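Colleague:
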Amino acid sequence: MIVKVIIERSEDGHFVAHSPSLKSCWSQGKTREEALQNIREAIDLYLEPEVAGLIETIK
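Residue numbers (this note's numbering): 392 to 450.
1. Which two residues bound the contiguous beta strand (DSSP E) that contains Glu402?
2. Determine the closest residue to Gly404 out of Gln419, Ile430, Asn429, with distance taken between C-alpha atoms.
3. Am I right that Ile393 and Ala426 are in contact with their C-beta atoms under 8 Å? What's the rounded C-beta distance?
4. When you compare only the Cα positions, how much space is there between Lys395 and Ser412?
5. Note the first and the last residue of the continuous beta strand (DSSP E) segment covering Ser418.
Spelled out as structure tokens, the structure:
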């Protein structure tokens with residue numbers, strides 16, 4: 392699944408990442424790379440219940 396991610400620099404210099412298609416899925420990091428790594432993990436956790444539900448439905 393491809394998910395669009397937006398990364399912006401906050402006023403305090405940190406980077407904030409979010410996905411417009413996944414409401415309330417946000418993360419941050421001290422660097423752009425850290426923010427990207429953190430949002431990937433957040434997206435995985437956000438989608439985990441949905442995927443688990445699909446697997447349960449298929450069984």
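All residues carry an ideal CB built from backbone N, CA and C; glycine is no exception. Just so we're clear, the structure is a prediction, and the values are computed from it rather than from any experiment.
Modeller: This is what the structure gives:
1. Looking at the DSSP string, Glu402 is not in any beta strand (DSSP E), and its letter there is neither H nor E.
2. Gln419
3. About 18 Å; that fails the 8 Å criterion.
4. 7 Å
5. 417-420
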